[in-house]
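Engineer: Can you keep this structure in mind? I'll have questions shortly.
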Amino acid sequence: MSEKPIVQAINLRKTYNPGTDKAVEVLHGVDMQAFAGEFVALVGQSGSGKSTLLNILGALDTPTSGQVLIDGVDIARLSSDGLASLRGTKIGFVFQFHHLLDEFSCLENALIPVSIRKGAPDKDDLAYAKRLLIRVGLESQLSKRPSQMSGGQQQRNAIVRALCNKPKLVLADEPTGNLDSHSGQEVFTLMREIAKETGVAFLMVTHDDRLAAAADRILRIEDGIMTEVPAPSSRDRS
Ligand code: ADP
Ligand code: MG
């Protein structure tokens, strides 16, 4: 493929508590990449390093060695302002817990990253947020508080919040982990469709093999080593 990846990890290693007797290497040289519009599932047992990898890809944590390129830029070369701007403009985050703020409405929560980036949302930001909220089925919830919405609605609100700055990459760490299987499936399907519609690259951690099977690609991390699960065409789908 000649296209440039949106996110690329090259030989990433991560040691927690380096130089102490608690030092432990949890990523042992991870390589991966994801392209525009791709929906990639990241699977692996608890403690295998999935969240560590996502945090490093999202510049929330630094690797011990190796490189992360976001949209072709080596993030280790960025200043702290550059990193903050990268997190604000190019990357969206969705976590297992929605982290919505109950003093704000659904629409206001969706626009929080825009406010952080530029002070206050303008007319276009507002229109885009509304369009996305309608797209995920929250048109009747725009003025509701998070506590007035269901778990699935809260997570759809959080997904729109991750998309409002028009990022190139969305990192989602077990976004369906707190949902029942029906809502989880709905949220998953929405994210996959939105990846196609917006050209955003999605990387989603999940424990649910059935959900992962519907992704464009599956990356599996085992004891800090990444392997790619063969493409669906060659996978046993019985
Ligand atoms: P996963 O998300 O796949 O469950 P994590 O990336 O959270 O795995 O954790 C990978 C390993 O790193 C685990 O053994 C975990 O205990 C350890 N770990 C995670 N965060 C820290 C930390 N801040 N300090 C020390 N060890 C950590
Ligand atoms: Mg985790």
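Residue numbers (this note's numbering): -7 to 230.
Glycine included, C-beta positions come from ideal geometry on N, C-alpha and C.
What did DSSP end up calling residue 214 once you bin it into helix, strand or coil?
Structural biologist: Start at 1 with the first residue of the sequence shown, and residue 214 comes out as number 222. Here residue 214 sits in strand by DSSP.
Engineer: I believe residue 199 touches residue 169 by the beta-carbon criterion, under 8 Å. Please report the beta-carbon distance rounded to the nearest angstrom.
Structural biologist: Position 207 of the sequence shown, counted from the start, is the residue given in the question as residue 199. Position 177 of the sequence shown, counted from the start, is the residue given in the question as residue 169. About 7 Å; that satisfies the 8 Å criterion.
Engineer: For residue 37, collect the residues of the same chain with a Cβ closer than 8 Å to its Cβ; drop the 5 residues on either side in sequence, then sort them by chain order.
Structural biologist: In the sequence shown, counting from the first residue as 1, residue 37 sits at position 45. For residue 37, where only same-chain residues beyond five positions count, the Cβ hits under 8 Å are 214.
Engineer: Cβ atoms of residue 154 and residue 86: under 9 Å apart, would you say?
Structural biologist: In the sequence shown, residue 86 corresponds to position 94, counting from 1. In the sequence shown, residue 154 corresponds to position 162, counting from 1. Their beta carbons are under 9 Å apart, which means residue 86 touches residue 154 by this criterion.
Engineer: Count the other CB atoms, across all protein chains shown, that sit within 10 Å of the CB of residue 246; report buried if there are 16 or more and exposed otherwise.
Structural biologist: Any property of residue 246 remains undetermined from this structure, which presents the chain solely from -7 to 230.
Engineer: Starting from the N-terminal side, write out each stretch of the alpha helix (DSSP H) that is 4 residues or longer and does not extend beyond the stretch 146 to 228.
Structural biologist: As far as the stretch 146 to 228 is concerned, its whole alpha helix (DSSP H) runs of at least 4 residues are 173 to 190, 201 to 205.
Engineer: So, does the stretch 30 to 46 touch the stretch 204 to 219, judging by three or more C-beta pairs under 8 Å?
Structural biologist: Yes: at least three Cβ pairs fall under 8 Å.
Engineer: How would you call residue 72, buried or exposed, if buried means at least 16 neighbouring beta carbons within 10 angstroms?
Structural biologist: Counting from one through the sequence shown, the residue named residue 72 turns up at place 80. Exposed: under 16 other Cβ atoms inside 10 Å.
Engineer: Three-state secondary structure (DSSP) at residue 69?
Structural biologist: In the sequence shown, the residue the question calls residue 69 occupies position 77. Helix at residue 69.
Engineer: In terms of alpha-carbon separation, which member of -1, 93, 32 lies closest to residue 204?
Structural biologist: Within the sequence shown, the letter at position 212 stands for residue 204. Residue 204 has its Cα closest to that of 32, out of -1, 93, 32.
Engineer: Considering only DSSP beta bridges, list what residue 31 is partnered with.
Structural biologist: Taking the sequence shown and counting its residues from 1, one reaches residue 31 at position 39. Answer is 194, bridged to residue 31.
Engineer: Relative to the ligand MG, is the shortest distance from any of its heavy atoms to the C-beta of residue 97 smaller than 8 Å?
Structural biologist: As a working mapping, residue 97 is identified with position 105 in the sequence shown. No, the Cβ of residue 97 stays beyond 8 Å of every heavy atom of the ligand MG.
Engineer: Note down, in chain order, each residue of its chain lying with its Cβ closer than 8 Å to the Cβ of residue 179, except the 5 sequence neighbours on either side.
Structural biologist: By one-based count along the sequence shown, residue 179 stands at place 187. Excluding sequence neighbours, residue 179 sits near 144, 147, 148, 151, 167, 168, 171.
Engineer: Consult DSSP for residue 5 and reduce its assignment to one of helix, strand or coil.
Structural biologist: One-based indexing of the sequence shown puts residue 5 at position 13. The answer is strand: DSSP assigns residue 5 an E or B state.
Engineer: Check whether the stretch 59 to 73 touches the stretch 118 to 132, taking contact to mean three or more Cβ pairs, one atom from each stretch, closer than 8 Å.
Structural biologist: The stretch 59 to 73 is not in contact with the stretch 118 to 132.
Engineer: Say the cut is 8 Å; is the CB of residue 166 nearer than that to a heavy atom of the ligand MG?
Structural biologist: Numbered from 1 along the sequence shown, position 174 holds the residue referred to as residue 166. Because some heavy atom of the ligand MG lies under 8 Å away, the Cβ of residue 166 counts as near it: yes.
Engineer: Would you mind working out which of 1, 21, 0 sits nearest residue 216, comparing C-alpha positions?
Structural biologist: Numbered from its first residue, the sequence shown carries residue 216 at position 224. When only C-alpha atoms are compared, the closest one is 21.
Engineer: Which of helix, strand or coil does DSSP assign to residue 62?
Structural biologist: For this step, residue 62 is matched to residue 70 along the sequence shown. Looking at residue 62 - three-state DSSP - the assignment turns out to be strand.
Engineer: When DSSP labels each residue in this structure, what does residue 19 get in the three-state scheme?
Structural biologist: By 1-based counting over the sequence shown, the position of residue 19 is 27. Residue 19 falls in the strand class under three-state DSSP.
Engineer: Quick check: the Cα distance between residue 29 and residue 222, rounded to an integer number of angstroms?
Structural biologist: Reading the sequence shown from its first residue, position 37 is the one you call residue 29. Reading the sequence shown from its first residue, position 230 is the one you call residue 222. Rounded to the nearest angstrom, the two C-alpha atoms are 19 Å apart.
Engineer: Cβ of residue 164 within 9 Å of Cβ of residue 118?
Structural biologist: The residue given as residue 164 occupies position 172 in the sequence shown. The residue given as residue 118 occupies position 126 in the sequence shown. No. Outside cutoff.
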